[in-house]
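Below: one structure, written as structure tokens.
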């Protein structure tokens with residue numbers, strides 16, 4: 111299964127002018143940094159560099175392959191069978207890239223204290239994520255991790271989150287049902303994002319945006335999408351360029367500031383109301399009911415740790431949870447539905463399992479399976495696993511080496527090195543996944559003898575990370591994905607227009623650059639499992 115292609119981007123003349131000025135300074139800085147390369151200790155091996163040009167380094171390679179960056183990065187990894195290589199990256203210093211599972215485990219789990227987010231990542235993401243779990247290190251991170259661990263307990267998932275997901279699933283299904291009746295095409299990518307935003311807004315803030323039912327985009331939805339897109343613009347350009355634009359308040363930086371104003375106004379209003387309810391209740395007003403939403407749980411956790419409640423910190427945690435819980439799940443669902451249109455065998459086999467094990471899916475549109483019911487669908491789980499393997503929500507993860515580090519294979523990583531773990535490269539290693547590593551084959555996650563789902567070590571299957579930074583909201587993500595896929599695949603068949611292109615876009619997550627337009631065909635009532643599997 112090839113990575114989806116990506117369309118190139120054009121820069122305005124203003125951006126080019128600013129970019130050239132910024133790049134000139136960056137090249138001098140980068141050249142100075144690269145000339146001070148630290149020698150590797152004895153008995154270790156230094157990671158080799160890609161062929162590069164003096165001063166420019168690999169800038170031309172990156173520019174030439176900008177329209178297909180993930181494909182190019184994956185090709186470099188596979189040509190070295192996952193072994194690490196180093197890019198000379200003007201403006202940011204050297205960048206070590208690896209698709210070696212052992213390196214991944216060392217960075218994210220075993221020697222995790224040596225590898226931090228680093229100032230570059232924190233600067234790029236600060237205006238959206240603030241000082242949140244996804245953007246800090248050290249003791250601050252440990253405190254927030256304890257707080258966030260309380261948000262996704264089994265009890266809350268079962269009693270509070272599942273009913274909300276089921277409710278919004280019915281709204282999503284109505285959109286698909288109406289499209290099937292009217293013979294209209296719909297944008298599945300937008301709808302998946304709208305669904306996850308609606309569900310998380312109620313789970314997180316106790317509010318209903320109403321965009322799924324109304325079909326109208328909520329200003330918060332627009333601002334949230336804009337903010338992530340403009341952060342992606344930052345990550346693609348020289349640091350000096352976006353900082354200059356921010357100082358001048360022009361272009362994408364001005365648009366980012368406007369988007370964040372909308373987001374912060376709404377989120378802070380929810381936080382203020384939650385704090386006010388708690389204050390009134392503490393003063394004896396028992397009519398104030400404390401919610402089970404994430405904001406309320408964060409406030410409980412902060413207070414129980416003896417900390418003073420700072421609304422800005424609550425905001426940072428809540429927004430980070432929204433970023434982690436909305437776009438990753440929506441993107442995975444979108445790519446899965448697109449992939450199923452290209453793999454009718456998998457779609458038919460999946461539908462057969464759904465209609466056999468949960469026959470009520472074919473009997474009533476009002477039925478939405480429970481948390482317990484979707485746990486008993488091994489082929490559904492295997493299909494999602496396989497999608498997340500080949501097209502993970504994060505194509506790579508970056509860290510900054512804070513101290514000289516040596517991996518067990520002797521690879522030396524000097525302090526001050528930026529390192530990328532290339533998940534897309536790992537997923538396509540034949541040494542790891544076999545000769546069909548690049549193919550979409552859910553059966554690789556099924557035990558051929560027992561029919562049970564195979565559990566691979568996190569260092570091999572990396573969709574939710576490994577080690578102390580493993581995704582805290584993965585149980586909610588699994589719940590949403592299983593319920594959405596179960597309800598839609600059992601009842602509808604999606605057809606993409608001939609020739610539709612689905613290039614990816616790289617932001618905080620890997621999304622789709624274009625709408626995912628689909629026609630919706632209802633699966634015939636009473637379809638038997640045998641017919642579905644035929």
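Residue numbers (my numbering): 111 to 644.
The beta-carbon is built from N, C-alpha and C at its ideal position, and this holds for glycine as well.
Just so we're clear, the structure is a prediction, and the values are computed from it rather than from any experiment.
- request: With residue 517 as the anchor, note down where its beta strand (DSSP E) starts and where it stops.
  value: No beta strand (DSSP E) holds residue 517; DSSP gives it neither H nor E.
- request: Quick one: give me the first and last residue of the beta strand (DSSP E) that residue 631 is part of.
  value: 627 to 632
- prompt: What's the C-alpha gap between residue 272 and residue 348?
  reply: 43 Å
- request: Flag residue 327 as yes if its beta-carbon sits less than 8 Å from any beta-carbon of chain D, otherwise no.
  value: Absence of chain D from the displayed structure is noted, only one protein chain being present.
message: Once DSSP output is grouped into helix, strand and coil, what is the label at residue 310?
response: helix
- prompt: CB-CB under 6 Å to residue 310, same chain, minus the five flanking residues each way: which ones, in chain order?
  reply: 432, 435 and 436
query: Hey, how far is the Cα of residue 262 from the Cα of residue 583?
result: 6 Å
message: Determine whether the beta carbon atoms of residue 91 and residue 550 lie at a separation below 8 Å.
response: Beyond the ends of the chain as shown, which are 111 and 644, falls residue 91; an answer cannot be given.
- prompt: For residue 265, which of helix, strand or coil comes out of DSSP?
  reply: helix
message: Would residue 206 and residue 515 qualify as a contact pair, given that the criterion is a beta-carbon distance under 8 Å?
response: no
- prompt: Are the region 470 to 485 and the region 541 to 557 in contact at 8 Å, needing three or more beta carbon pairs?
  reply: no
- prompt: Tell me, which residues are paired with residue 208 by DSSP?
  reply: Partner(s): 531.
- prompt: Fully enclosed by the region 569 to 631, which beta strand (DSSP E) runs are 3 residues long or longer?
  reply: 602 to 605, 614 to 616 and 620 to 622
- request: Go ahead and pull the three-state DSSP assignment for residue 402.
  value: coil
message: Could you tell me the alpha carbon to alpha carbon distance between residue 220 and residue 248, rounded to whole angstroms?
response: 16 Å
message: Do residue 444 and residue 266 have their beta-carbon atoms positioned less than 8 Å apart in this structure?
response: no
- prompt: residue 155 bridges to which residues according to DSSP?
  reply: 521
- prompt: Considering only C-alpha positions, which residue in the set 487, 568, 173 and 194 is nearest to residue 200?
  reply: For residue 200, the closest C-alpha among the options 487, 568, 173 and 194 is that of 173.
message: Under 7 Å: does the beta carbon of residue 383 sit that close to some heavy atom of the ligand GTP?
response: No copy of the ligand GTP occurs in the structure displayed, which carries no ligand at all.
- prompt: To which residues of the same chain is residue 239 closer than 8 Å at the C-beta, ignoring the five residues directly before and after it?
  reply: Counting only Cβ-Cβ distances below 8 Å, and skipping sequence neighbours, we find 245, 426, 429, 430 and 433.
query: Just curious, the beta strand (DSSP E) that residue 196 is in, first and last residue?
result: First-last of the beta strand (DSSP E) with residue 196: 195 to 199.
query: Can you tell me where the beta strand (DSSP E) with residue 241 in it begins and where it stops?
result: Here residue 241 belongs to no beta strand (DSSP E), and DSSP marks it neither H nor E.
field: Counterpart residues of residue 500 in DSSP-defined beta bridges
entry: Its beta-bridge partners do not exist; DSSP assigns none.
message: Please classify residue 194 as buried or exposed, where buried requires at least 16 other C-beta atoms within 10 Å of its C-beta.
response: buried
query: Expressed to the nearest angstrom, what Euclidean distance is found between the alpha-carbon atoms of residue 537 and residue 339?
result: Their Cα atoms are separated by approximately 26 Å.
query: If you draw a straight line from the C-alpha of residue 410 to the C-alpha of residue 377, how long is it?
result: CA-CA distance, residue 410 to residue 377, rounds to 17 Å.
query: If residue 210 and residue 513 are in contact, beta carbons under 8 Å, what's the gap, nearest whole angstrom?
result: So it is not a contact: roughly 20 Å between Cβ atoms.
message: Using only CA atoms, which one of 407, 458, 234 and 420 lies nearest to residue 353?
response: 234
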